[in-house]
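Residue numbers (numbering that gives the first Met the number 0), protein chains in the order written: chain F, 0 to 114; chain S, 0 to 139. We put the beta carbon where it would ideally sit given N, CA and C, even for glycine. Remember, predicted model here, so these are calculated numbers, not experimental data.
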Amino acid sequence: MKMWVKKMKIKDFAEKLELKVLTAYDDSKEIKGCYCGDLLSWVMSRAKEGDAWLTVMGNVNAVAVAVLTECACIVLTENASLDEQAKQKAEMQGVCFLQSSENAYELAVKISELI
Amino acid sequence: MADSIRLHYDVSGTDFTLAGAASSDVKRTLKQLGISPDAIRNVAIAMYEGEINMVIHAGGGEIDVEITENDIRMVLEDHGPGIENVELAMKEGYSTAPDNIRSLGFGAGMGLPNIKKYTDDFRIETQLGVGTKLILKVNI
Ligand SMILES: Nc1ncnc2c1ncn2[C@@H]1O[C@H](COP(=O)(O)OP(=O)(O)OP(=O)(O)O)[C@@H](O)[C@H]1O
Ligand SMILES: [Mg+2]
């Protein structure tokens, strides 16, 4: 069990994991944890503030869930796409979208080594 | 806080881009009032699920929120199709969401169970062809 919590800024996180940055973002946000899931009702009640949320859902509903859970960023895995409407809403509401070619498992393993 | 604060929202049944907006607004208000993070989280989860259900199952509706010294009360009312079997609808995993709605990330069948789990008081009134009303309370 980890007895400490490391925090990481989005810029650093994106660089270390070679993630593509899809939206403008506020780099004061810190990543403290990680949650994986695509079903919004699960994510809504399980994801925590400061989590990097790994999902394939690049739509406006994901943006709403990210705002409400206050997760630090959404990482679209396996190059899942971000639709234009969601991109606009995300930038308006300060939600950061990143993208990875890796799947949620591969990425989560790397995240666990980082934070 | 002597007087209670009342908020009202009309939830559109057609504009998906706005779904969750009322819940976000309530969350923002509760934060400004300095309500405890736990209570805020409970309200956000319950209200979001109710708001989304209105949009995807009932063609929209109205939400009234009252913030008092001791609790946060929410009434969510729609004039949608109503729920045929409430006991079944309350079961984790039960969903009638069609494929196009599921592809957006809904339809886990966890909305109503989560609303019950994260509220201190949960009442549902529903009638087929008339609509559905959720009466919720979260203690502060
Ligand atoms: N306001 C409503 N009007 C009519 N039917 C509803 C309403 N709310 C819920 N239901 C019915 O109850 C079922 C269960 O609702 P619940 O919120 O638990 O799951 P869901 O909305 O299908 O999926 P999820 O919330 O996990 O995305 C729905 O599939 C739907 O048949
Ligand atoms: Mg639901």
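_Would you call the segment 34-50 of chain F in contact with the segment 6-17 of chain S, where contact means no fewer than 3 C-beta pairs closer than 8 Å?_
no
*Can you name the residues of chain S whose CB is closer than 7 Å to the CB of residue 84/F?*
16
_Under 8 Å between C-beta atoms of residue 56/S and residue 92/S_ = no
_DSSP three-state assignment for residue 125/S, whether helix, strand or coil_ = strand
*Starting from residue 56/S and walking both ways along the alpha helix (DSSP H), at which residues does that stretch end?*
36-57
*Would you mind stating whether residue 15/F and residue 106/F have Cβ atoms separated by less than 8 Å?*
no
*Starting from the C-beta of residue 3/S, find all residues in its chain whose C-beta is less than 7 Å away, skip the five residues before and the five after it, and write them out in chain order.*
65, 66, 67
_Proximity of residue 71/F and residue 9/F at Cβ, strictly below 8 Å_ = yes
*Using a cut-off of 7 Å between C-beta atoms, extract the partners of residue 41/F located in chain S.*
107, 109
_Based on DSSP bridge pairs, tell me the residues matched to residue 73/S._
64/S, 135/S
*Run down chain F in chain order and give the residues with a C-beta less than 7 Å from the C-beta of residue 47/S.*
43, 67
*Say whether the segment 18-33 of chain S touches the segment 85-101 of chain S, bearing in mind that this needs 3 or more beta-carbon pairs closer than 8 Å, one atom from each stretch.*
no
*Can you have a look at residue 40/S and say buried or exposed, based on whether 16 or more other CB atoms are within 10 angstroms of its CB?*
buried
*By Cβ distance, which residues of its chain are closer than 6 Å to residue 107/S, with the 5 residues on each side in sequence left out?*
none
*Rounded to a whole number of angstroms, what is the C-alpha to C-alpha distance between residue 34/F and residue 73/F?*
10 Å
*Determine the direct distance from the alpha carbon of residue 61/F to that of residue 34/S, and round the result to whole angstroms.*
25 Å
*Could you give the DSSP three-state label for residue 105/S: helix, strand or coil?*
coil
_Unbroken alpha helix (DSSP H) run spanning residue 110/S, endpoints_ = 110-116
_Tell me whether residue 110/S, by its Cβ, gets closer than 7 Å to a heavy atom of ligand 2._
yes
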